[in-house]
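A short worksheet on the structure shown next.
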Amino acid sequence: MKRKILYIIITFIGVVFLNACKDDFLDQTPSNAAPTGEALNTDNDVLTALTGAYAGLRSVNLYGRTIPVSGDLLANNTFVSQRNSGRYTGFDRYSYTVSNTDAAGMWNSAYAVILRANNIINSTPTGDQATIDQYKGEAYAIRALMYFELVRFFAKPYTDDPSSPGVPIVLTFDYSLKPARSSVEEVYTQILSDLDKAYTMTADYNGSSRLSKYSARALAAKVNLFKGTTASNALALEYADDVIANGGFLLLPAERVQAYWSDPKPQSVKLETLFEVVSDEVDNLGTDGFSYMFSQDGYGDILSNPAVYNLYSDDDARKGLIEEGARSGGEDPAYIISKFPNVSGDVDDTKVLRLSEVFLIAAEAAARTGDETQALTLLNTLVSQRDPSLVYESSGAQLVTDILLERRKEMAFEGDWFHELNRLKLPITGRVHNPTSVPYGDYRRVFPIPQSEKDANPGIQQNAGWGG
1 MKRKILYIII TFIGVVFLNA CKDDFLDQTP SNAAPTGEAL NTDNDVLTAL TGAYAGLRSV
61 NLYGRTIPVS GDLLANNTFV SQRNSGRYTG FDRYSYTVSN TDAAGMWNSA YAVILRANNI
121 INSTPTGDQA TIDQYKGEAY AIRALMYFEL VRFFAKPYTD DPSSPGVPIV LTFDYSLKPA
181 RSSVEEVYTQ ILSDLDKAYT MTADYNGSSR LSKYSARALA AKVNLFKGTT ASNALALEYA
241 DDVIANGGFL LLPAERVQAY WSDPKPQSVK LETLFEVVSD EVDNLGTDGF SYMFSQDGYG
301 DILSNPAVYN LYSDDDARKG LIEEGARSGG EDPAYIISKF PNVSGDVDDT KVLRLSEVFL
361 IAAEAAARTG DETQALTLLN TLVSQRDPSL VYESSGAQLV TDILLERRKE MAFEGDWFHE
421 LNRLKLPITG RVHNPTSVPY GDYRRVFPIP QSEKDANPGI QQNAGWGG
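Written as structure tokens, this is what we have:
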């Protein structure tokens with residue numbers, strides 16, 4: 001990985017100037033992602049570097065496009081229209097290879113952000129210690145977020161085999177380093193350690209454009225749910241309850257669902273969004289942004305599976321986020337995703353953590369730890385703000401099934417469903433294009449280690465099914 005990491009640093013020096021929004025924090029001049037902490041001499045230097053780390057999350061290979069697009073496309077929520085721009089067709093058809101540029105771009109960009117976070121965490125600046133701790137806490141959360149994405153795309157789920165190869169854990173810069181893959185369990189342990197630090201070091205809330213105490217706690221709840229053990233489910237419930245009870249966030253009400261998704265501005269109040277990756281009128285990816293893939297005013301390549309549209313009752317506020325119509329030169333009828341309508345000017349931000357998902361995490365964790373009363377209360381609290389005609393009364397396995405159905409409906413098109421099907425070890429069925437079904441255990445359910453990484457670090461172990 002020696003040459004690869006160096007290549008990542010050099011490549012991303014040119015792009016870290018991409019800021020995230022127009023408040024004082026994000027107006028800082030970003031850093032050049034130096035490979036050591038020597039450049040970070042003051043708390044203001046750390047802030048500059050932190051701005052660069054947040055900007056890295058907006059990469060087209062990360063939350064700028066590939067992560068939210070691929071998480072539904074690889075599952076059964078979306079597909080690529082017959083009239084398309086040629087993007088993500090390999091994911092749509094499960095025809096990607098070790099040389100797939102989207103998978104390689106995700107790997108490279110995630111490690112570039114991790115290097116920036118490491119630079120902040122390992123620095124020894126002078127200045128106000130509370131301020132420095134805040135910035136370092138955010139860097140810990142950023143690093144955890146990147147490792148969570150990497151281990152879910154490039155390794156087997158924890159629920160399958162926690163001792164299986166995960167991804168390399170790189171915490172410091174070493175030019176000669178060619179690390180082996182840590183186990184999935186070791187990666188999860190690192191993620192949760194980083195999130196514990198973020199929880200204790202950051203403020204309760206600094207707006208939705210920055211990671212904070214309760215967004216770190218929400219992510220820790222999700223990570224524990226993905227572990228799927230009795231103990232981790234109990235922690236998932238504890239952490240999610242902490243966010244719900246003490247975070248002060250408000251659940252998005254039904255009458256504001258359409259306005260919420262139509263508004264591209266980050267939140268300055270605690271309504272629904274815990275953390276989002278921000279784009280604005282100046283700092284955005286233009287035609288490479290993720291909303292351009294959905295909106296018919298952009299490429300409009302990504303369409304909803306009709307089966308997803310049919311999940312919603314006519315009373316469900318979320319049904320209005322899909323439009324039944326026709327795609328010019330393409331499908332008729334077409335189910336057009338209107339959840340991300342802003343493709344010019346102040347374009348859509350990428351929601352990463354929302355309170356609605358925290359309710360779903362808590363409900364599932366409660367059901368799996370035997371508290372069905374709490375699980376039903378949490379589930380119906382959310383559903384009452386989406387579909388007032390629907391009240392769940394289920395129990396046992398059906399209750400978990402109902403919670404997962406509501407997860408699919410609530411989180412549709414946000415890049416979530418592929419990972420859920422993987423952690424649950426369920427087959428992917430009902431896809432629009434071939435393969436219409438992808439059983440659990442198909443090697444393509446785990447991305448290959450990119451060929452470019454193998455070339456730079458020949459000793460790194462490839463995933464099963466993808467060659468040596």
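FYI, the UniProt record's numbering numbers position 25 of the sequence shown as 25, with every residue one higher than the one before it.
Where is the CB? At the ideal position from N, CA and C, for every residue including glycine.
None of these values were measured; they are calculated from a predicted model.
- Rounded to whole angstroms, phenylalanine 447 and glutamate 357 show a C-alpha spacing of 25 Å.
- Residues of the same chain with a CB within less than 7 Å of the CB of proline 306, apart from the 5 flanking positions on each side, are Tyr335 in chain order.
- If you draw a straight line from the Cα of glutamate 186 to the Cα of glutamate 324, it comes to about 45 Å.
- The way I'd put it, the region 64-76 does touch the region 427-435; three or more beta-carbon pairs between them come closer than 8 Å.
- The region 162-171 makes no contact with the region 192-200: fewer than 3 CB pairs, one atom from each, lie closer than 8 Å.
- Distance from the CA of aspartate 315 to the CA of aspartate 387, rounded to the nearest whole angstrom, comes to 6 Å.
- By the Cβ neighbour-count rule, glutamine 461 is exposed, with fewer than 16 other Cβ atoms within 10 Å of its own.
- If you look at serine 232, you'll find it in the alpha helix (DSSP H) that goes 230-246.
- For the region 319-383, the full-length alpha helix (DSSP H) segments reaching 4 residues or more read 355-368, 372-383 along the chain.
- Rounded to whole angstroms, the gap between the alpha carbons of leucine 252 and tryptophan 417 is 21 Å.
- Of the candidates Tyr392, Asn118, Asn434, Asn434 places its Cα closest to the Cα of phenylalanine 91.
- Judged by beta-carbon spacing, phenylalanine 275 lies within the 7 Å limit of serine 215, meaning their Cβ atoms are closer than that value.
- Per DSSP, reduced to three states, the secondary structure at phenylalanine 275 is strand.
- Separation of the CB atoms of arginine 87 and methionine 411 is rounded to 22 Å, and the pair is thereby denied contact status at 8 Å.
- A straight line joining the alpha-carbon of glycine 300 with that of asparagine 84 spans about 8 Å.
- Residue state for leucine 303 is assigned as strand, using DSSP reduced to three classes.
- When the five nearest sequence neighbours on each side are left out, the beta carbons in the same chain lying within less than 8 Å of the beta carbon of threonine 126 are those of Asn41, Thr42, Asp43, in order along the chain.
- Per DSSP, valine 80 is one residue of the beta strand (DSSP E) stretching across 78-80.
- Excluding the 5 residues flanking it on each side, aspartate 402 has same chain C-beta neighbours closer than 8 Å at Leu379, Tyr392, Ser394, in chain order.
- Taking C-alpha positions only, asparagine 457 is separated from valine 113 by approximately 19 Å.
- The beta-carbon distance between alanine 53 and alanine 117, rounded to whole angstroms, is 5 Å. This is short enough to meet the 8 Å contact definition.
- For glutamate 149, the uninterrupted alpha helix (DSSP H) run begins and ends at 129-154, by DSSP.
- Checking the DSSP bridge columns, you'll see serine 183 partnered with Pro165.
- Of all alpha-carbon atoms in Ile132, Ala141, Gln258, the one lying nearest the alpha-carbon of serine 338 is that of Gln258.
- Here the C-alpha atom of arginine 318 lies approximately 16 Å from the C-alpha atom of threonine 381.
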